[in-house]
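Chains as they are written, first to last, in our numbering: chain V, 955 to 1345; chain S, 955 to 1345.
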């Protein structure tokens, strides 16, 4: 089996030459007559330029094939091989990566597993984010959770920047919230997932994840790019961490925001995540508050779905965009809102209700009109505040 | 104590506004009257824009100050805070980061510790890289090591892409090389460090590092950016991994190669490495084979030295550039050559000797002339092959 990578080179670059540099320089390298007795073995490790294709915009895409036996079936050795030293060499960008089906770590739950835990087989899932991000007590978190969980929310997550701080220790927050989750399940029969942010120094991260799960965490949030894909794989393969892992995209732009350098968003948030063992991935929606193209969003969606992960388009999601989300995703999507729930004019519970009201009346892909939206109530208030989202 | 970050914004961006977005959006965020009872606590987590300074080239640099108590004293939570979500927001780049002295993890050995182990208190250290990168057997590695180690080499490292492959298991290579290291020490009294590449899936990386050290590894090579700074910190803090850690810069260009996006080389390879527990950092020399500016190289050098780490300018180092390296670094530098030793016309041992010959006659900062270089011998052969390096 081989690994294929598409590199994009800017207009004017000698794409064929650069591709050759990658195929050789990122694998066995060159050798002279002293190693002729090893030539056969060395040659088995060389990459190969498959094709170089000029693009309408003047750039070129070169596809390089790498032997799978050069790497260890994980994401870190893959990254070192396909872009390690070459990333400092100048002119190429990783546009796409195609991996063997069994490469890396599959999701343990994926969307289907998350639906099973929640007992919600079909409709889109509704997810919220604790706000404000920093500065609330464990009891503040529990109070917010009580409000939204009883309103019907499926999933809630910490803000990605909320770590394990002396002013708000993760374990205290988790225990306070876990009591609420139990209360909700006892009185309504519904399960709610709380993605607790897993942070901490490298040497204690695994222990901490296990301790959190032992203390009642039923899902984890991980800033995969701050900790490394290897950390996600480690958690996914740890039998003592048997809960869904939600990947946050923080730092993705450090790799992907430039059109000419780095590694593309579909690779960073799609392909690599899909082979790193996580179950759900958050990423910007193209009609959200971050500048993000529809092409990137859909490429990420397709890469995640190909491996059964849950898609969580995020940032600037509010009830007014629900028809568009349904048009792009159908029912298999997690509607994840921060302000779009927490800052609802009538409070956070109304914020949740507005999403369910939106789901009840939305026609996929058809923007809401006055007629669709009830004249009063949570959805109407949300629409008055946030409208239909950016074009 | 506070953390200060300089963000560079392109000409035309509203730097003051963007800086404010970062100072608030990457910390507590905004809140309304419902959280007025927590206002004092929330405000303690806010960042602050220190200044916005237009630059001669039309860009602007904004300095934002973050409370140290927002993060956990490690690199991953720092990255999430200073650039996490904002990295996807568009227009800024992290140019410089200033951390409290006690932030993160100090190097356990640094240059002084490496010198102590080697028993080389003053002169520049000479380091080689195994070549070819992939496809050699453990015994091939041992044979190469024997040649260069008896020639006086101080340090050798695996190629960063050489993982733990069925065709060449790390432990076999390590054991074969360890026998040579012992042989050299027994017969010459000299110690040689072998930076064995640490690779593997996240959940077994710590165990593997311990097993490697138990099996005789006296230094480790880590692709810090492929595995995450947290992995480096974990290794540095592990009492069972008591050997110097050499950080390879693979993947650094994915963050830093763009002038407009991402995180600058001095931050990625200098500041963050210096606070992540590693002892030595490899990075491109500006007269080497990779496109790299002198300004970036010197900023990295200064960030590493401020914390006692060893500087290892690399890529395209050969005997002809020794006077320039000495001019830039003085004696406190590791001269690290791959081809520049292994591809010496008279063999790898002559490649090592050529470096020592160069050190014997070089005047710091003054390029070699015909007069300096003996008319025959390893240094002359090296000069005929590689010259004085690029201007």
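C-beta: ideal position from N, C-alpha, C; glycine also.
Closest by C-alpha distance to residue i, when choosing among the options
i, options, result
"residue 1229 of chain S", "S:1019, S:1029, S:1268", "S:1029"
"residue 1112 of chain V", "V:1330, V:1290, V:1310, V:956", "V:1290"
"residue 962 of chain S", "S:994, S:998, S:986, S:1041", "S:1041"
"residue 1348 of chain S", "V:1091, V:1053, V:1044", "With chain S running from 955 to 1345 in the structure shown, residue 1348 of chain S is simply not present."
"residue 916 of chain V", "V:1248, V:1081, V:1288, V:1323", "Residue 916 of chain V lies beyond the range of chain V shown here (955 to 1345); nothing can be said about it."
"residue 1205 of chain S", "V:1158, V:1215, V:1234, V:1310", "V:1215"
"residue 1304 of chain V", "V:1330, V:1279, V:1315", "V:1330"
"residue 1207 of chain S", "V:1247, V:1043, V:1174", "V:1043"
"residue 1012 of chain V", "V:966, V:1035, V:1024", "V:966"
"residue 1271 of chain S", "S:1083, S:994, S:1116, S:1158", "S:1083"
"residue 964 of chain V", "V:1158, V:1178, V:1010", "V:1010"
"residue 1260 of chain S", "S:1046, S:1167, S:1056", "S:1056"
"residue 1000 of chain V", "S:1089, S:1144, S:959", "S:1089"
"residue 1115 of chain S", "S:1061, S:1209, S:1128, S:1203", "S:1203"
"residue 1252 of chain V", "V:1239, V:1002, V:1328", "V:1239"
"residue 1194 of chain V", "V:987, V:1145, V:1172", "V:1172"
"residue 1306 of chain S", "S:1074, S:1064, S:1148, S:1102", "S:1102"
"residue 1236 of chain V", "V:1190, V:1179, V:1302", "V:1179"
"residue 1295 of chain S", "S:1191, S:1066, S:1269", "S:1269"
"residue 1224 of chain S", "S:1052, S:1162, S:982", "S:1052"
"residue 980 of chain S", "S:959, S:993, S:991, S:992", "S:959"
"residue 1150 of chain S", "S:968, S:1156, S:1141, S:1126", "S:1126"
"residue 1119 of chain S", "V:1165, V:995, V:1162", "V:995"
Own chain partners of residue i with C-beta closer than 7 Å, once the 5 adjacent residues on each side are dropped
i, result
"residue 1317 of chain V", "1277"
"residue 1299 of chain S", "1335, 1339"
"residue 1250 of chain V", "1219, 1220"
"residue 1008 of chain V", "1014"
"residue 1274 of chain S", "1322, 1336, 1337, 1340, 1341, 1342, 1343"
"residue 956 of chain V", "1019, 1020, 1021, 1022"
"residue 1025 of chain S", "1031, 1032, 1035"
"residue 1061 of chain V", "1231, 1232, 1233, 1261, 1262, 1263"
"residue 977 of chain S", "1000, 1001, 1002, 1003, 1018"
Residues that residue i bridges to, as DSSP identifies them
i, result
"residue 1202 of chain S", "S:1177"
"residue 1119 of chain S", "S:1122"
"residue 1047 of chain V", "V:962"
"residue 1238 of chain S", "S:1268"
"residue 956 of chain S", "S:1021"
"residue 1059 of chain V", "V:1230"
"residue 1290 of chain S", "S:1081"
"residue 1317 of chain V", "V:1320"
"residue 1007 of chain S", "S:1015"
"residue 1217 of chain V", "V:1048"
"residue 1002 of chain V", "V:1019"
Nonlocal neighbours in the same chain, by C-beta distance under 6 Å from residue i, ignoring five residues either side
i, result
"residue 1255 of chain S", "1265"
"residue 1096 of chain S", "1130, 1131, 1134"
"residue 1292 of chain V", "1083, 1085"
"residue 970 of chain S", "1006"
"residue 1068 of chain S", "1198, 1264"
"residue 1170 of chain S", "1132"
Same chain, Cβ closer than 8 Å to residue i, neighbours up to 5 away in sequence not counted
i, result
"residue 1310 of chain S", "1080, 1106"
"residue 1005 of chain S", "1016, 1017"
"residue 1077 of chain V", "1285, 1313"
"residue 1093 of chain S", "1130"
"residue 1212 of chain V", "1047"
"residue 1244 of chain S", "1238, 1269, 1270"
"residue 1139 of chain V", "1145, 1146"
*Could you name the residues of the region 1243-1257 of chain S whose beta carbon sits closer than 8 Å to any beta carbon of chain V, in the order they occur along the chain?*
Listed in sequence order: 1244, 1245, 1246.
*Members of the region 1204-1232 of chain V that neighbour chain S once the beta carbon cut-off is set at 7 Å*: Listed by position, the residues of the region 1204-1232 of chain V near chain S (Cβ gap below 7 Å) are 1204, 1205, 1206, 1207, 1208, 1209, 1211, 1212, 1214, 1215, 1216, 1217.
*According to a CB-to-CB cut-off of less than 7 Å, which residues of the region 1033-1061 of chain S neighbour chain V?*
For the region 1033-1061 of chain S, the residues whose beta carbon sits under 7 Å from a beta carbon of chain V are, in order, 1033, 1034, 1035, 1037, 1038, 1039, 1041, 1042, 1043, 1044.
*alpha helix (DSSP H) runs wholly inside the region 1074-1113 of chain S, at least 4 long, in chain order*: Qualifying alpha helix (DSSP H) stretches, in chain order: 1092-1104.
*Residues of the region 1284-1298 of chain S with Cβ closer than 8 Å to any Cβ of chain V, in chain order*: Listed by position along the chain: 1297.
*Against chain V: residues of the region 1110-1137 of chain S by CB proximity under 8 Å*: If the cut-off is 8 Å between Cβ atoms, the region 1110-1137 of chain S has 1113, 1114, 1115, 1117, 1118, 1119, 1120, 1121 near chain V.
*Entirely within the region 1124-1196 of chain S and at least 3 residues each: give me those beta strand (DSSP E) ranges in chain order.*
DSSP runs (the beta strand (DSSP E)) wholly in the region 1124-1196 of chain S: 1147-1151, 1173-1177.
_Closer than 7 Å between beta carbons: that is the criterion. Which residues of the region 1175-1193 of chain S meet it against chain V?_
For the region 1175-1193 of chain S, the beta-carbon criterion of a distance under 7 Å to any beta-carbon of chain V is satisfied by 1177, 1180, 1181, 1182, 1184, 1185, 1187, 1188, 1191, 1192.
*asked:* Tell me which residues of the region 1149-1162 of chain V have at least one Cβ-Cβ distance to chain S shorter than 9 Å, keeping chain order.
replied: Those would be 1153, 1154, 1155, 1156, 1157, 1158, 1159, 1160, in chain order.
*Identify each residue in the region 1060-1094 of chain V for which the Cβ-Cβ distance to at least one residue of chain S is less than 9 Å, and report them in chain order.*
Answer in chain order: 1085, 1086, 1087, 1088, 1089, 1090, 1091, 1094.
_Interface positions of the region 1013-1030 of chain V facing chain S (Cβ-Cβ less than 7 Å), listed along the chain_ = So the list reads 1023, 1024, 1025, 1026, 1028, 1030, given in the order they occur along the chain.
_Counting only Cβ-Cβ distances shorter than 7 Å, please list the residues of the region 963-984 of chain V near chain S, keeping chain order._
Answer set for the region 963-984 of chain V: 980, 981, 982, 983.
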